[in-house]
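Q:
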Amino acid sequence: MTTNMNLKDIEKKVFSSYFNDGLWDIYGAFLILGFGLSMVSGWDYLMIPMATVAVMLLLFRPRIIKPRLGLVKFSIERQVKTKKAKIIAFIILTCTALLGLVFFILFSTNTAPEWLDNWMANYFFAAFGGIQAIFIAIAAYLVGVWRYYVYAALIFLAYVITGILRPYDMEYIPILLAGSLMLIAGAAILTRFLRKYPLPPKELDSASR
Amino acid sequence: MPPGSEKNNTASLVNSVDRLIHEPARFNIMAYLFVVQSADYTYLKTQTGLSWGNLNSHISKLETADYVTVEKEFVGKKPHTMLHLTDKGRVAFSSYRESMQNALNTLPPK
Chain A
1 MTTNMNLKDI EKKVFSSYFN DGLWDIYGAF LILGFGLSMV SGWDYLMIPM ATVAVMLLLF
61 RPRIIKPRLG LVKFSIERQV KTKKAKIIAF IILTCTALLG LVFFILFSTN TAPEWLDNWM
121 ANYFFAAFGG IQAIFIAIAA YLVGVWRYYV YAALIFLAYV ITGILRPYDM EYIPILLAGS
181 LMLIAGAAIL TRFLRKYPLP PKELDSASR
Chain B
1001 MPPGSEKNNT ASLVNSVDRL IHEPARFNIM AYLFVVQSAD YTYLKTQTGL SWGNLNSHIS
1061 KLETADYVTV EKEFVGKKPH TMLHLTDKGR VAFSSYRESM QNALNTLPPK
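Residue numbers (the numbering used here), protein chains in the order written: chain A, 1 to 209; chain B, 1001 to 1110.
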């Protein structure tokens, strides 16, 4: 016990612990692996079931986490911070989606300027990976889980190498590797989390106190 | 200042701290409740590492002293027992931290 304990650090640690269960890692891994597998198989629609599994995992996440970590209402400051973060994330996501839509319209109607065509041919994967890496890095900053910075770097690197390996028909390898590493890490962290935080007995109520 | 009076000063400052909060388990409970608005028993058990029995016992003492309130709230459609520090509890915890810091500050540097 020490009065030197930094209450801000405690609050940060508590907040981060609600994102350190491995499920977000597995969610990201499924999305990356879905993209990689669709590149290998040539079936673009393979992304859909992979993304569906990922989303189902996230929807099911509270049932796994809350009984083990407990329910907490964070401070007003934290709630305001989280709200601001969600707004920023929404704005970035919307801008990215709009940009994607513009690109889609330009390329599907063959109206893209030549410089853009060349740029996409050379840097598409790096740009795609860069956008994903930025999202993950922002998430890492907001939830305070340093491992997500590593994922951001890993994904960006994977996509850059994908661009380089494209002429050799091996572009899927770095993405599958990155996704697999994330999946293994996520599974290990989830296993550790389930062992560290077993399900408690029936919730204590005033009758049992 | 006469020799030895610093030690007496430190001792008297430490002796005057809130003994209810001074107990390590209760200090931890109050610290983990101080940084949030409210939380349930599972959160406190997870963060403090106390057994259910121990946790219950210490929370009862804090509740008796009106430092902690235990309330049933509805989260979605399910009732949930939530704990939070009262205003008195927050003031007491802040005062305790200040008292201990003052006591430590009276000690000479290494």
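Backbone N, C-alpha and C fix where the C-beta goes; we use that ideal spot for every residue, glycine too.
From Arg192/A to Thr1106/B, what distance separates their C-alpha atoms?
A: The alpha-carbon atoms of Arg192/A and Thr1106/B are separated by roughly 44 Å.
Q: Do Val1091/B and Ile1029/B have their CB atoms nearer than 9 Å?
A: No, Cβ-Cβ distance for Val1091/B and Ile1029/B is not below 9 Å.
Q: Let's test the definition: count the other Cβ atoms within 10 Å of the Cβ of Glu1098/B and tell me whether it reaches 16, buried, or not, exposed.
A: Result: exposed.
Q: Put Ser1038/B into one of helix, strand or coil per three-state DSSP.
A: Ser1038/B: strand per DSSP, three-state reduction.
Q: Given that Tyr1043/B touches chain A, what residues does it touch there, using C-beta distances under 9 Å?
A: Val14, Leu69, Gly70, Leu71, Val72, listed in chain order.
Q: Mind checking if Phe1034/B is an interface residue toward chain D, Cβ cutoff 9 Å exclusive?
A: No chain D is present in this structure, whose protein chains are A and B.
Q: Can you give the beta carbon distance from Leu33/A to Gly179/A, rounded, assuming they're within the 8 Å contact cut?
A: Contact holds; Cβ gap of about 4 Å.
Q: Would you grab the beta carbon distance between Val40/A and Tyr172/A for me? Rounded to a whole angstrom, and I think it's under 8 Å.
A: 5 Å between Cβ atoms; contact.
Q: Using the Cβ count rule (16 or more neighbours within 10 Å means buried), how would you classify Asp21/A?
A: Buried is the call here.
Q: Grouping DSSP H, G and I as helix and E and B as strand, with all else coil, what is Glu1071/B?
A: Residue state, collapsed to three classes: strand.
Q: What's the call for Trp115/A, buried or exposed, on a 16-neighbour Cβ count within 10 Å?
A: Exposed is the call here.
Q: What separation, rounded to the nearest whole angstrom, lies between the Cα atoms of Asn6/A and Gly1076/B?
A: The straight-line gap from Cα to Cα measures roughly 33 Å.
Q: What is the DSSP secondary structure of Met1/A, reduced to helix, strand or coil?
A: Low local confidence applies: a pLDDT of 44 at Met1/A is under 50, so the model's placement there is unreliable, with the coordinate-based value given in what follows. Coil, per DSSP.
Q: Cα separation between Leu199/A and Arg1026/B?
A: Answer to the nearest angstrom: the Cα atoms are 24 Å apart.
Q: Which residues of chain B have a Cβ atom closer than 8 Å to the Cβ of Pro62/A, listed in chain order?
A: Within 8 Å Cβ-Cβ: nothing; Pro62/A doesn't reach chain B, min ~10 Å.
Q: Measuring only the C-alpha atoms, how far is Pro129/A from Glu1071/B?
A: Per the sequence shown, the amino acid found at residue 129/A is Gly instead of Pro. For Gly129/A and Glu1071/B, the distance between alpha carbons rounds to 48 Å.
Q: Is it buried or exposed, Lys1078/B, if we count other Cβ atoms within 10 angstroms and call 16 or more buried?
A: Flag for Lys1078/B reads exposed.
Q: How should Met1100/B be labelled, buried or exposed, when 16 other C-beta atoms within 10 angstroms of its C-beta is the threshold for buried?
A: It is buried - the Cβ of Met1100/B has at least 16 other Cβ atoms within 10 Å.
Q: Let me confirm a value: Leu1083/B is counted as buried when at least 16 other C-beta atoms fall within 10 Å, else exposed. Which label applies?
A: That one is buried.
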